[in-house]
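Worksheet for the structure shown next.
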Amino acid sequence: MPELPEVETVRRGLAPVMEDATIFAVEQRRPDLRFPFPEDFASRLEGRRIVSVGRRAKFLVIHLDRDPVLIAHLGMSGSFRIHGGADENIPGGFHHERSKIAAHDHVVFHLERDGQAHRIVYNDPRRFGFMAFAEARDLESHPFLATLGIEPTGNALDGAVLAALLAGRRSPLKAALLDQKLIAGLGNIYVCEALWRAGLSPKRLAGTVSGQRAARLADAIRAVITDAIAAGGSSLRDHQLTDGSLGYFQHSFSVYGREGEACRREGCLGTVKRIVQSGRSTFYCSVCQR
DNA sequence: CCTTGAACCTGGGCGC
DNA sequence: TGCGCCCAGGTTCAAG
Numbered sequence: 001m002p003e004l005p006e007v008e009t010v011r012r013g014l015a016p017v018m019e020d021a022t023i024f025a026v027e028q029r030r031p032d033l034r035f036p037f038p039e040d041f042a043s044r045l046e047g048r049r050i051v052s053v054g055r056r057a058k059f060l061v062i063h064l065d066r067d068p069v070l071i072a073h074l075g076m077s078g079s080f081r082i083h084g085g086a087d088e089n090i091p092g093g094f095h096h097e098r099s100k101i102a103a104h105d106h107v108v109f110h111l112e113r114d115g116q117a118h119r120i121v122y123n124d125p126r127r128f129g130f131m132a133f134a135e136a137r138d139l140e141s142h143p144f145l146a147t148l149g150i151e152p153t154g155n156a157l158d159g160a161v162l163a164a165l166l167a168g169r170r171s172p173l174k175a176a177l178l179d180q181k182l183i184a185g186l187g188n189i190y191v192c193e194a195l196w197r198a199g200l201s202p203k204r205l206a207g208t209v210s211g212q213r214a215a216r217l218a219d220a221i222r223a224v225i226t227d228a229i230a231a232g233g234s235s236l237r238d239h240q241l242t243d244g245s246l247g248y249f250q251h252s253f254s255v256y257g258r259e260g261e262a263c264r265r266e267g268c269l270g271t272v273k274r275i276v277q278s279g280r281s282t283f284y285c286s287v288c289q290r
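Read the first sequence against the numbering used here and you will find it ends at 290, with the numbers running on by one and no gaps.
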């Protein structure tokens with residue numbers, strides 16, 4: 001899935017088309033994804049104007065001109081595609097059969113903006129993604145968002161904050177960084193990459209990271225997220241950008257997916273290893289990550 | 001409370 | 001070629 005940089009890239013692709021657009025029809029093509037769609041999903045969206053397309057951790061948060069707020073998660077394989085513009089039908093000329101539906105296209109949002117029609121298509125082969133409604137005034141306390149920790153973007157995540165989050169934790173550092181209650185938005189790829197950049201072992205006890213180590217790790221986390229967003233995210237398997245193009249950050253991976261290759265750190269003679277931690281692959285160099 | 005493991009799905013790649 | 005197994009960006013839930 002899409003980790004934070006991929007979701008942010010998707011958000012930036014959707015915002016120019018969705019913001020200020022009116023939703024004039026929603027095709028919901030199955031009753032559920034990971035969870036059932038909310039009651040009256042299509043009808044509660046139809047007729048609404050989109051005010052903003054935001055993001056919290058890996059969740060897209062779409063504000064409308066009145067309740068509900070639409071929360072969307074891409075799961076492991078979800079993606080949004082934008083179709084249309086000048087050649088698209090506009091309200092009144094709208095025909096369902098005009099939608100060219102591909103396998104696993106689960107939701108089609110028909111939008112009208114500045115007199116032009118657009119379709120936003122949500123595709124998700126594995127259906128680990130989901131969509132939900134929240135009330136704007138209770139957004140922060142919605143079950144999906146209430147427990148999320150600090151965003152790894154911006155300057156809020158520094159060494160002292162990170163050390164406080166990790167203090168006393170008995171789990172491996174890798175598992176702690178994946179915990180969305182502590183830092184919200186990191187996933188398997190960027191945790192591996194940040195640990196390599198910081199020179200810290202994924203197996204180290206989380207609670208042992210403090211002081212200079214914590215400062216280095218906080219810097220590494222912010223840097224890898226910033227770099228990945230700047231590159232338009234990573235493209236793995238079926239993840240793609242809203243225009244169907246691919247992100248480039250995967251070419252910058254230092255350890256992820258590089259099992260058996262030489263460590264890329266200057267002067268390090270180690271080899272990238274793959275181990276399994278809590279059921280998921282960890283890639284790291286046991287020589288320079290301690 | 002903390003931590004771990006199973007469950008939810010489909011599809012691609014690989015070895016036989 | 002076909003089959004079975006392993007693997008894949010995440011989150012929720014149950015149990016220790």
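Here a beta-carbon is modelled for each residue, glycine too, at the ideal position from N, C-alpha and C. Values in this document were obtained by computation on a predicted structure and should not be read as measured data.
Review point. Quick one, which of G47, D114 and R126 has its alpha-carbon nearest D32's?
Key: Out of G47, D114 and R126, R126 has the C-alpha closest to the C-alpha of D32.
Review point. Does DSSP put V255 in a helix, a strand or coil?
Key: V255 falls in the coil class under three-state DSSP.
Check your understanding: Considering only the beta carbon of each residue, do R56 and L145 sit closer than 8 angstroms?
Key -> yes
Review point. Would the region 209 to 229 and the region 2 to 13 be scored as touching if the rule is three or more Cβ pairs under 8 angstroms?
Key: yes
Practice item. Would you kindly check if the distance between the Cβ of S79 and the Cβ of H63 is under 8 angstroms? Key: no
Review point. For Y122, which beta-bridge partners are listed by DSSP?
Key: F80 and V107
Practice item. Return helix, strand or coil for A42, following the three-state DSSP convention. Key: A42 sits in a helix when the DSSP states are folded into three classes.
Review point. L162 and R222 look like a contact to me (Cβ under 8 angstroms); what is the Cβ gap, rounded to whole Å?
Key: The C-beta distance from L162 to R222 rounds to 10 angstroms, too long to meet the 8 angstroms contact threshold.
Check your understanding: Given that a residue counts as buried once 16 or more other Cβ atoms are within 10 Å of its Cβ, and exposed if not, what is D124?
Key -> buried
Check your understanding: Taking all protein chains shown into account, do 16 or more other C-beta atoms lie within 10 angstroms of the C-beta of T9, making it buried, or fewer, making it exposed?
Key -> buried
Point to revise | CA nearest to the CA of M318, picked from I101, I189, R290 and A176 | key: Given a span of 1 to 290 for the chain in the structure shown, any question on residue 318 remains unanswerable.
Review point. How about R48 and G84: do their beta carbons lie closer than 8 angstroms?
Key: no
Check your understanding: Pick from T271, V276 and T153: whose alpha carbon is nearest that of C285?
Key -> T271
Point to revise | Beta-bridge pairing of D179 - partner residues as DSSP gives them | key: Note: D179 sits in no beta bridge, so no partner.
Check your understanding: Taking C-alpha atoms, which residue in A102, D219, A117 and T22 lies nearest to R29?
Key -> A102
Practice item. Helix, strand or coil for C285, going by three-state DSSP, please let me know. Key: strand
Exercise for review: Please classify G149: does DSSP put it in a helix, a strand, or coil?
Suggested key: coil
Check your understanding: Just checking my contact of A194 with P172 at CB under 8 angstroms: how many whole Å lie between their CB atoms?
Key -> Going by Cβ atoms, the distance from A194 to P172 rounds to 14 angstroms, so no, they are not a contact pair.
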